[in-house]
Amino acid sequence: MKQGALAGINAEAMLRRLERRPLSGTGDLRGGRTPFERLNGILEIEDGVAKLTNFDVESPILKIALQGETSLARREFDLRGTASLMRVAQGTAPQVSFDLPFLISGNLDNPYLLPDPEALIRHSGATAPLLDAVRGRAAREAMRSVIETVTGLRSIGELPANPTFEPPPAIAPAPTPSAQPVQSR
Numbered sequence: 004m005k006q007g008a009l010a011g012i013n014a015e016a017m018l019r020r021l022e023r024r025p026l027s028g029t030g031d032l033r034g035g036r037t038p039f040e041r042l043n044g045i046l047e048i049e050d051g052v053a054k055l056t057n058f059d060v061e062s063p064i065l066k067i068a069l070q071g072e073t074s075l076a077r078r079e080f081d082l083r084g085t086a087s088l089m090r091v092a093q094g095t096a097p098q099v100s101f102d103l104p105f106l107i108s109g110n111l112d113n114p115y116l117l118p119d120p121e122a123l124i125r126h127s128g129a130t131a132p133l134l135d136a137v138r139g140r141a142a143r144e145a146m147r148s149v150i151e152t153v154t155g156l157r158s159i160g161e162l163p164a165n166p167t168f169e170p171p172p173a174i175a176p177a178p179t180p181s182a183q184p185v186q187s188r
C-alpha cells in the first residue's frame, strides 16, 4: 500500500520525545496519526491466528518493522517490532537516529504498546552507566547465590582456608529386633 496513515498513534512524535528524554515515559499513546509512504507485509490466517511477517511501514523520517501473531478467537495481540526515527541530511541517505524495540500486547479493543525499557535506559546519558553496573552486580549476585546453594555457606568468610574433602560419617545400621520375648515382672 502506498500513501496512507496509521490512525490512532503518532509514532513520530512519540519517538522524538523519547529520543530527547528517554525516561520521560510514554504517556498516553493513543491519538494522532502516523503518515507513511509505503506499507508492506504478509498476513496469513490459519486456525484463528493471524500471523504477521515482514510488515514494514516507511516514511522519510520513520521506519517501523513489525511481526507476530494475533489470536482472533481470544482477540489478543502478541506483536513485537522496532520503530526507527530517521535523520535526513541534505544530499545524503537517511540514517537511523533512534531505534526503539517495542511490544504490542493485550486485547484487540484496548491494546497496549510497551517500549523496551532497556533500550530507553541505554539511550539515556544519565542512566546508561548504571545499566552496566547493575548487570555486573547481578552476575556477581547470581554466582554468589549458586555458590551458597551448592556449598551451604553464606559468605566467602565462611569458606575454609585449606578446603579438604572429608566423606560424611557412616550411618550405623538400624538395630534389628531381638528374637527373644520380652518378659514382664
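Position in the sequence shown counted from 1, then plus 3, gives you my numbering.
Cβ atoms here follow ideal geometry from the backbone N, Cα and C, with glycine treated the same way.
| task | With distances taken Cα to Cα, identify the nearest neighbour of L18 among S87, P114 and G44. | result | Position 15 of the sequence shown, counted from the start, is the residue given in the question as residue 18. Among S87, P114 and G44, the Cα nearest to that of L18 is on S87.
| said: According to DSSP, is R24 part of a helix, a strand, or is it coil? | reply: As a first step, residue 24 is located in the sequence shown; it is residue number 21 there, counting from the start. Three-state result, R24: coil.
| task | Could you check what DSSP says for L75 in three-state terms: helix, strand or coil? | result | Here residue 75 is taken as the residue at index 72 of the sequence shown, counted from 1. L75: coil per DSSP, three-state reduction.
| said: Beta-carbon within less than 8 Å of P114's beta-carbon, same chain only, minus the 5 sequence neighbours each way: which residues are those? | reply: Taking the sequence shown and counting its residues from 1, the one referred to as residue 114 is at position 111. F80, I107 and S108, listed in sequence order.
| query | Thinking C-alpha only, which one of N43, F101, L82 and A8 is nearest V91? | reply | On the sequence shown, residue 91 is found 88 positions in, with the first residue counted as 1. Nearest of N43, F101, L82 and A8 to V91, Cα basis: F101.
| field | Exposed unless 16 or more other CB atoms sit within 10 angstroms - verdict on G51 | value | Residue numbering aside, residue 51 sits at position 48 when the sequence shown is read from its first letter. The residue in question, G51, is exposed, as its Cβ has fewer than 16 Cβ neighbours within 10 Å.
| query | On the three-state DSSP scale, how would you describe I124? | reply | As a first step, residue 124 is located in the sequence shown; it is residue number 121 there, counting from the start. Helix at I124.
| field | Nearest-angstrom Cβ-Cβ length linking L230 and R36, presumed shorter than 8 Å | value | This structure cannot settle anything about residue 230, because the visible part of the chain is limited to 4 through 188.
| task | Alpha carbon to alpha carbon, how far is N110 from L116? Give it in angstroms, no decimals. | result | Taking the first residue of the sequence shown as 1, we reach residue 116 at position 113. Taking the first residue of the sequence shown as 1, we reach residue 110 at position 107. Whole-angstrom Cα-Cα distance: 11 Å.
| Between D59 and the rest of its own chain, which residues show a CB-CB distance below 6 Å, the 5 nearest in sequence each way excluded? | Taking the sequence shown and counting its residues from 1, one reaches residue 59 at position 56. Excluding sequence neighbours, D59 sits near N43 and A68.
| message | Using the three-state DSSP reduction, which class does L82 fall into: helix, strand or coil? | response | What you label residue 82 is simply residue 79 of the sequence shown in a count that begins at 1. DSSP places L82 in strand when its eight states are reduced to three.
| field | First and last residue of the uninterrupted beta strand (DSSP E) at G109 | value | Residue 109 sits at position 106 when you count from the first residue of the sequence shown. First-last of the beta strand (DSSP E) with G109: Q98 to N110.
| Who are T37's beta bridge partners in DSSP? | Taking the sequence shown and counting its residues from 1, the one referred to as residue 37 is at position 34. BP columns for T37 point to L9.
| said: Measuring only the C-alpha atoms, how far is Q70 from G84? | reply: For this step, residue 70 is matched to residue 67 along the sequence shown. For this step, residue 84 is matched to residue 81 along the sequence shown. The alpha-carbon atoms of Q70 and G84 are separated by roughly 6 Å.
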